[in-house]
Amino acid sequence: MAKTPSARSASPKRTPAPKASAAESNSSLNILQTEFEKDKRFKADADTLLHLYEQMLLIRRFEEKAGQLYGLGLIGGFCHLYIGQEAVAIGLQSAAEPGKDSVITGYRDHGHMLAYGIDPNIIMAELTGRQAGISHGKGGSMHMFSTEHKFFGGHGIVGAQVSLGGGLAFAHKYNEDGGLCIAYFGDGAANQGQVYETMNMAALWDLPIVFVVENNQYAMGTAVKRSSAEVEFYKRGAAFRIPGMDVDGMDVLEVRQAAEVAFKYVREGNGPVLMECNTYRYRGHSMSDPAKYRTREEVQDVRENHDPIERAKADLLKLGVEEDKLKDMDKAIRARVAESADFAENSPLPEPGELYTDVLVEEY
Amino acid sequence: MAIELKMPALSPTMEEGTLARWLVKEGDTVSSGDVLAEIETDKATMEFESIDEGVVGKILVPEGTEEVKVGTVIAILAAEGEEVSDAAPAPAAEEKAEASSGEKPGADEEGPIAVSAPEAKPRKADPAIPAGTNMITLSVREALRDAMAEEMRRDERVFVMGEEVAEYQGAYKVTQGLLDEFGPKRVIDTPITEYGFAGIGTGAAMGGLRPVVEFMTFNFAMQAIDHLINSAAKTNYMSGGQMRCPVVFRGPNGAASRVGAQHSQNYAPWYASVPGLVVIAPYDASDAKGLLKAAIRSEDPVIFLENELVYGEKFEVAQLDDHVLPIGKARIMREGSDVTIVSYSIAVGIALKAAEELAGEGIEAEVIDLRTIRPLDKEAVLESLAKTNRVVIAEEGWPTCSVASEIVALCMEEGFDHLDAPVTRVCNEDVPLPYAANLEKLALIDKDKVIAAVKKVCYR
């Protein structure tokens, strides 16, 4: 929504002169980072953290199973796993208001679906292309949606979800519903032009949106430093006066705390935030990626020393949670995931007539 | 319980591979993430990782084995605390491996199934205009503006966005007065960033609003075409009908006047080839108004193609409270019995002028305005063909892969028995549009080219 001309000229933020000094300008872009650095980790009690741990573990086990089913030929096409990045979706999602805030992401979307509490059966059934899948088998791994949960997909064109997310944020503001949009994209998408077109309009119109760069260090096979002139993505909003946040995406409590800070700022009507979550994907870009662009040692180091689930586990043990309880939880999740795989394998294929449904909504 | 390790599919197309090397041996303890083996596909050598913890029980396929089918059990992993010798393959293992190495599940059971598209429903007719209705003269430009204004009054969710639509009152003055009536919340000037604002408009539709996104011309929509096709057109299908996208993209399309090749192109055939889109290209003011109102109300994404050269032309429009016309229905602009001229947008005017002149020579041409290009009103074309037995298509656009080509295919496939002459296309020349006045005139269709084609199919 454009401001009225008078409102626009009255806004000191947009007055062309006098220019803010470089130092002032920088500090206004750092306000959220400064706030965040006061205390970077969310104070979670044992129950809260246990819940976050359970959700991350569900994503991990689900994705491992999806990888297995792909290997068995039950899942076809492209399949992008979220293993390693679990803390990002869970940390942010846990701070969002269900039913009010909207989410949009790219094709690495299974983890985000699970983060919403969507039934693993219908997600896995979509992966295997069955009628019971959330898109009746017509979307597949990359195209899943749940309007009921305000999860808007599931988009296969790198960067497109960012402008679409701008539109969702626009709708929140237009409807004055108090919601915000979380638009996730990768370090690869962060180089797409439309991302910056959207940042410009989002800042110009004070749209309620959090741009989240899930920097997993590789755009398919190209390392960040080989593709990006500015590798600190959280700084890239500076051209549009969007405050940035630099977040450890391997720590669910840090992501959660960053989300608290960012969401408060956006809900107060201050416009967008650009949050960079530094994370790592353990598997290839998709299932067919041999991942020869990085060393095994590099992957192993992240797994052994920075794993988000192990980190949450260590925190839980410190909080006095029994290890046996965590083992039982893992067992239950494995059983749940196995059940979803059975469901997905045994569900019927879509009816041939499904081919022609949902092309258009109306009849003309 | 023992876990079967099966030959994995490592790409969407892999059916078999070479088990190049085992990196573990029987009795080794492995944990999640350890590399068990290297597998060569036709494209790459991939590492096969363990997902579970356990002890390597038995290696069933030795290293160096070629053409190992996907799904074959290659080793057995014993779980923690389980004896290696206990870890025998379950009886169902081989059967299952065979099943999954072949066709996709279920595919072989059903065999080829003939599926036909659902039958088309009977067409809706234009609503009758009550006798005594006042007729007013409106330019196409005003008719379009009135359509938007009426729909904005009717539905709070409708808003207009685009370059220069608000304070400038529209680059071609189509949105004149809207800012004054509806204010800056609903009439929004965007920066010159078509890709970005087409995405924002599409996303806003997904979020429940009814955006009307104006492109200053459709030439600039090339920057944004990904959102029109990949985001707007496919979402309903990919989501199994969950996620709608009721957005209208509108603006002038086709050749203007001496603006050169980059600003002169008819995109109707481009968008009309995409399932999931509705494509409308009206000619006169009445259709422009009635169809734009219908487009804004539609639950589907609509590409609404206007024509700059027609904006100022005036036509009679019925003064009705709510003038809405059916999408997907052609209109007979002039009845005739000797030949059918199928057309849309600016070429309808050319066809009508040609028909008038032909009547003077004793040839009665029926002129059909398609109005909606997708879904195409096949019935209207075929009915007219059955009556006249001759079809000429007049289209202001390139001939190759055009709407005209589509009409030719339709007449061949479904109207062949009625044809007395080859279906003939009259389109622009197959060149980028030149700037020089004489060359531009040569490149575009005109009345004389249509008349020549009609005479040819009438063997006159």
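So the sequence lines, in the order shown, correspond to chains A and B. Start counting the first sequence at 1; every next residue gets the next number (full-length UniProt numbering). Start counting the second sequence at 1; every next residue gets the next number (full-length UniProt numbering). Just so it is clear, CB atoms sit at the ideal spot from N, CA and C, and this is done for glycine as well.
{"Asked": "Taking only beta-carbon atoms, is G353/A less than 8 Å away from chain B?", "Found": "yes"}
{"Asked": "Rounded to whole angstroms, what is the Cα-Cα separation between Q257/A and R41/A?", "Found": "6 Å"}
{"Asked": "Specify, as a first and last residue, the run of the beta strand (DSSP E) that K235/A falls within.", "Found": "Neither: K235/A is in no beta strand (DSSP E) and is coded neither H nor E."}
{"Asked": "Any C-beta of chain B sitting closer than 8 Å to the C-beta of R303/A?", "Found": "yes"}
{"Asked": "Over what stretch of residues does the alpha helix (DSSP H) that includes E406/B continue unbroken?", "Found": "403–415"}
{"Asked": "Can you list, in chain order, the residues of its chain whose CB lies under 7 Å from that of F233/A, leaving out five sequence neighbours each side?", "Found": "D187, A190, V213, N215, E276"}
{"Asked": "With a cut-off of 8 Å, does the C-beta of G77/A fall near any C-beta of chain B?", "Found": "yes"}
{"Asked": "Mind checking who F185/A pairs with in its DSSP beta bridge?", "Found": "V213/A"}
{"Asked": "Report the three-state DSSP secondary structure of S227/A (helix, strand or coil).", "Found": "helix"}
{"Asked": "In chain B, which residues lie less than 9 Å from N200/A when you measure between Cβ atoms?", "Found": "P191, T193, G196"}
{"Asked": "Grab the span of the alpha helix (DSSP H) containing E194/B for me, first residue to last.", "Found": "194–206"}
{"Asked": "Is the distance from the Cβ of S32/B to the Cβ of E53/B below 8 Å?", "Found": "yes"}
{"Asked": "Between the Cα of D237/B and those of Q192/A, G67/A, Y116/A, G139/A, spot the shortest distance and give me the residue it belongs to.", "Found": "Strictly speaking, residue 237/B in this sequence is Tyr, with Asp absent from that position. When each option's Cα is compared against that of Y237/B, the closest is G139/A."}
{"Asked": "With 8 Å as the threshold, decide whether the Cβ of T147/A is near any Cβ in chain B.", "Found": "yes"}
{"Asked": "Would you kindly report the start and end of the unbroken alpha helix (DSSP H) that includes N175/A?", "Found": "160–175"}
{"Asked": "Going by CA-CA distance only, name the one from I188/B, T202/B, D417/B, A204/B that's closest to E167/B.", "Found": "I188/B"}
{"Asked": "Curious, which full-length alpha helix (DSSP H) runs of at least 4 residues does the segment 263–326 of chain A contain?", "Found": "296–306, 308–318"}
{"Asked": "Could you check the C-alpha separation between M144/A and G84/A for me, to the nearest Å?", "Found": "21 Å"}
{"Asked": "Using 10 angstroms around the beta-carbon of K185/B, count the other beta-carbons present and answer buried if the total reaches 16, otherwise exposed.", "Found": "exposed"}
{"Asked": "The segment 177–192 of chain A: which residues have C-beta closer than 7 Å to a C-beta of chain B, in chain order?", "Found": "none"}
{"Asked": "Any chance the segment 327–339 of chain A sits against the segment 103–113 of chain A, with 3 or more Cβ pairs inside 8 Å?", "Found": "no"}
{"Asked": "Look at the alpha carbon of A12/B and the alpha carbon of M222/B, and state the distance between them as a whole number of angstroms.", "Found": "Rather than Ala, the amino acid found at residue 12/B in this sequence is Pro. Approximately 31 Å between the Cα atoms of the pair."}
{"Asked": "Could you tell me which residues DSSP puts in a beta bridge with I136/B?", "Found": "V317/B"}
{"Asked": "Are the C-beta atoms of K327/A and some chain B residue less than 8 Å apart?", "Found": "no"}
{"Asked": "Kindly list, in the order they appear in chain A, the residues whose Cβ is closer than 8 Å to that of D300/B.", "Found": "L360, V361, E362"}
{"Asked": "Threshold first: 4 residues or longer. Then list the alpha helix (DSSP H) segments lying entirely within the segment 335–394 of chain B, N to C.", "Found": "346–360, 378–388"}
{"Asked": "Count the other C-beta atoms from every protein chain shown that fall within 10 angstroms of the C-beta of I192/B, then say buried if there are 16 or more, exposed otherwise.", "Found": "exposed"}
{"Asked": "Taking just the CA atoms, how far does M201/A sit from G201/B?", "Found": "12 Å"}
{"Asked": "Applying the 10 Å Cβ sphere with the 16-neighbour rule, what's the burial state of G137/A?", "Found": "buried"}
{"Asked": "Out of E4/B, D34/B, W22/B, state which residue places its alpha-carbon closest to the alpha-carbon of Q300/A.", "Found": "D34/B"}
{"Asked": "Exposed or buried, E366/B, counting other C-beta atoms within 10 Å across all chains shown (16 or more means buried)?", "Found": "buried"}
{"Asked": "Tell me the rounded alpha-carbon separation between A295/B and D322/B.", "Found": "14 Å"}
{"Asked": "Kindly list, in the order they appear in chain B, the residues whose Cβ is closer than 7 Å to that of H80/A.", "Found": "Correct list: empty, because the minimum Cβ distance to chain B is about 12 Å."}
{"Asked": "Return helix, strand or coil for L32/A, following the three-state DSSP convention.", "Found": "helix"}
{"Asked": "Return the residue from the list I225/B, A147/B, P269/B that minimises the CA-CA distance to S405/B.", "Found": "P269/B"}
{"Asked": "Residues bridged to P211/B by DSSP?", "Found": "F159/B"}
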